[in-house]
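Asks:
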Amino acid sequence: MTALQEQGRLARAASYPLATAGTARKNAALEAIARILTERQGEWLAANAADIAAARETGMRPAMLDRLTLTPERITGIVDGVRQVIALPDPIGRADKTETRPNGLIISRRRVPLGVIAIIFEARPNVTVDAAALCLKSGNVCILRGGKEAIRSNRKAAELMREALKTAGLPEDCVSLVQDTSRETANELMHLDAYVDVLIPRGGAGLIRTVAKEASVPVIRTGEGVCHLYIDSEADLDMGAEILYNAKCSRPSVCNAAECVLIHQDVLEPFLRKAVPLLDRSHVELRCDERALAVLGGRGVPAAESDWEAEYDDYILAVRTVGDMEEAIDFINQHGTHHSESIITTNYFKAQRFLDAVDAAAVYVNASTRFTDGGEFGLGAEIGISTQKMHARGPMGLEELTSCKYVVYGTGQVR
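In structure tokens:
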């Protein structure tokens, strides 16, 4: 038995007591996690500082460094997220539907944990805690496999959380971290069918597509984020410029950041006149089609065909001119990743058409795509943003981490 198989075996063994632990014990474990992360945050920050130093030596891009970095303020936010999960209703045991059949059988459909959830993610140490908290509250054991860039941060977080679980009377193997960050262990985890019930990749498009293609374990695709803003001919241009700036620049390395703006030809020049000074604050590179380039002159660079499907995760924005809203809708449905899309318009009927016709997990009117987030949607921390249509779509909170069990009460019925 390999080390990862043994880790899977221990996770499976831990899944049975966790599934029946009850809300009070799970919440006590989460409170213990929140407390230990706060009291010993110095250890976590020191581990993260070592990761940051190593990442700088390898030339990691600033936007990705931002993803990797922990600060006292960010740890406070992570801990607050754990306590938000504590406050959320426990979905386990809830009856979605109860029906008495003509033969007298009482059939109830109840929410149950998925079991053992494996999560492969990249250089985001906050995911280690967010994922563990959601899995614990929903009665699931998690096997976490982060990227090598965050290995020190992830090891410390996992170590602290496992200590907290023991103090709360739950098996420490409810949360475990794959210590080896090699490609071989990722591949083995994708095929750990005997122990893993579902695999969730969180990261860039390359990681997600590789996992979806290679894994024999069931996969929930999350996080591919080629998100668009469409600036309509009847848009409030000042509002649109502010929304674009937020969607692109507030945190460009995350999956709900805008990567492409589509601008109606009738407002191309006035909109760019308002938007570019804002984008200049963050030195955003603009990759433009011919019409936008003619307006911008030397401020933009010509877009390649690949730019229309690029997830930059950086201060880069594709700019494209469209003749009308239908062209924008067709372009989004063809080139997007079904994550988050937004229209800026004052026309109610156009807004409704956009909402109906765009195929995405989250569709907005006059708002930033940056709101596609479990916390912002009232779900607490999320395990990821699902861009598929089976089982779960959009921010995945507690309910999306459950399955169902049919419970049947009889009085001697036979068939």
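Last residue of the sequence shown: 428 (our numbering), numbering continuous. Ideal Cβ positions, reconstructed from N, Cα and C, are used throughout, including at glycine. Only a predicted model underlies this, so the values are computations on that prediction, with no experimental measurement involved.
Bridge partners of residue 353, per DSSP?
Replies: By 1-based counting over the sequence shown, the position of residue 353 is 340. 375, per the DSSP bridge assignment.
Asks: With a threshold of 8 Å, are at least 3 pairs of Cβ atoms found where one atom belongs to the segment 369 to 386 and the other to the segment 406 to 415?
Replies: As far as the Cβ criterion goes, the segment 369 to 386 touches the segment 406 to 415, which means the pair count is three or higher.
Asks: Considering only DSSP beta bridges, list what residue 121 is partnered with.
Replies: Counting from one through the sequence shown, the residue named residue 121 turns up at place 108. According to DSSP, which records beta bridges pairwise, residue 121 is partnered with 111 and 420.
Asks: Is the beta carbon of residue 210 closer than 8 Å to that of residue 127?
Replies: Along the sequence shown, one-based indexing puts residue 127 at 114. Along the sequence shown, one-based indexing puts residue 210 at 197. For residue 127 and residue 210, yes; Cβs fall inside 8 Å.
Asks: From 338, 203, 80 and 99, pick the residue whose C-alpha is nearest to that of residue 36; which is it?
Replies: Your numbering for residue 36 matches position 23 in the sequence shown. Of the listed residues, the one whose Cα sits closest to residue 36 is 99.
Asks: Where does the unbroken beta strand (DSSP E) through residue 188 begin, and where does it stop?
Replies: Translated into the one-based positions of the sequence shown, residue 188 becomes position 175. Residues 188 to 190.
Asks: Specify, as a first and last residue, the run of the beta strand (DSSP E) that residue 243 falls within.
Replies: Residue 243 sits at position 230 when you count from the first residue of the sequence shown. Note, residue 243: beta strand (DSSP E), 240 to 244.
Asks: Looking at the ligand NAD, does it come within less than 7 Å of residue 140, judged from the CB to the closest heavy atom?
Replies: Annotation note on the ligand NAD: not contained in the displayed structure, which lists no ligands.
Asks: List the DSSP bridge partners of residue 23.
Replies: The residue labelled residue 23 in the question sits at position 10 within the sequence shown. DSSP lists no partner for residue 23.
Asks: If you run the structure through DSSP and keep just helix, strand and coil, what is residue 314?
Replies: One-based indexing of the sequence shown puts residue 314 at position 301. Strand at residue 314.
Asks: Is DSSP giving residue 271 helix, strand or coil here?
Replies: Counting from 1 along the sequence shown, the entry for residue 271 is found at position 258. Strand.
Asks: Here's a check: name, in chain order, each residue in its chain whose Cβ is nearer than 7 Å to the Cβ of residue 341, leaving out the five neighbours to either side.
Replies: Here residue 341 refers to the residue found at position 328 when the sequence shown is read from its first residue. Hits under 7 Å: 243, 275 and 335.
Asks: Within the chosen definition, does the segment 221 to 230 reach the segment 194 to 205 through at least 3 CB pairs nearer than 8 Å?
Replies: In short, these stretches touch, since the Cβ pair count reaches three.
Asks: If you reduce the DSSP assignment to three classes, tell me which class residue 399 lands in.
Replies: For the purposes of this step, residue 399 is identified with residue 386 of the sequence shown, where counting begins at 1. Here residue 399 sits in strand by DSSP.
Asks: For the putative contact between residue 129 and residue 24, defined by C-beta atoms under 8 Å, what is the C-beta separation to the nearest angstrom?
Replies: Residue numbering aside, residue 129 sits at position 116 when the sequence shown is read from its first letter. Residue numbering aside, residue 24 sits at position 11 when the sequence shown is read from its first letter. Yes, residue 129 and residue 24 are in contact; Cβ-Cβ is about 5 Å, under 8 Å.
Asks: What is the DSSP secondary structure of residue 256, counted as helix, strand or coil?
Replies: Taking the first residue of the sequence shown as position 1, residue 256 is located at position 243. Looking at residue 256 - three-state DSSP - the assignment turns out to be helix.
Asks: Please list the terminal residues of the continuous alpha helix (DSSP H) segment that includes residue 44.
Replies: What you label residue 44 is simply residue 31 of the sequence shown in a count that begins at 1. Element bounds for residue 44: 36 to 52.
Asks: What residue range does the beta strand (DSSP E) around residue 389 cover?
Replies: Taking the first residue of the sequence shown as 1, we reach residue 389 at position 376. From DSSP, residue 389 is part of no beta strand (DSSP E); its letter is neither H nor E.
Asks: Is there contact here, the segment 54 to 65 with the segment 164 to 171, by at least three beta-carbon pairs under 8 Å?
Replies: Flag = yes, the segment 54 to 65 and the segment 164 to 171 touch.
Asks: According to DSSP, is residue 358 helix, strand or coil?
Replies: On the sequence shown, position 345 is the one that residue 358 refers to. Looking at residue 358 - three-state DSSP - the assignment turns out to be coil, as it is neither helix nor strand.
Asks: Give me the residue from 328, 411 and 388 with the minimum Cα distance to residue 150.
Replies: One-based indexing of the sequence shown puts residue 150 at position 137. Minimum Cα distance to residue 150 is reached at 411.
Asks: Among 329, 170, 301 and 426, which one has its Cα closest to the Cα of residue 270?
Replies: One-based indexing of the sequence shown puts residue 270 at position 257. Nearest of 329, 170, 301 and 426 to residue 270, Cα basis: 329.
Asks: Relative to the alpha-carbon of residue 254, which residue among 237, 303 and 280 has its alpha-carbon at the smallest distance?
Replies: Translated into the one-based positions of the sequence shown, residue 254 becomes position 241. With distances taken between Cα atoms, residue 254 lies closest to 280.
Asks: Between which two residues does the alpha helix (DSSP H) containing residue 89 stretch?
Replies: By 1-based counting over the sequence shown, the position of residue 89 is 76. 85 to 100 is the extent of the alpha helix (DSSP H) around residue 89.
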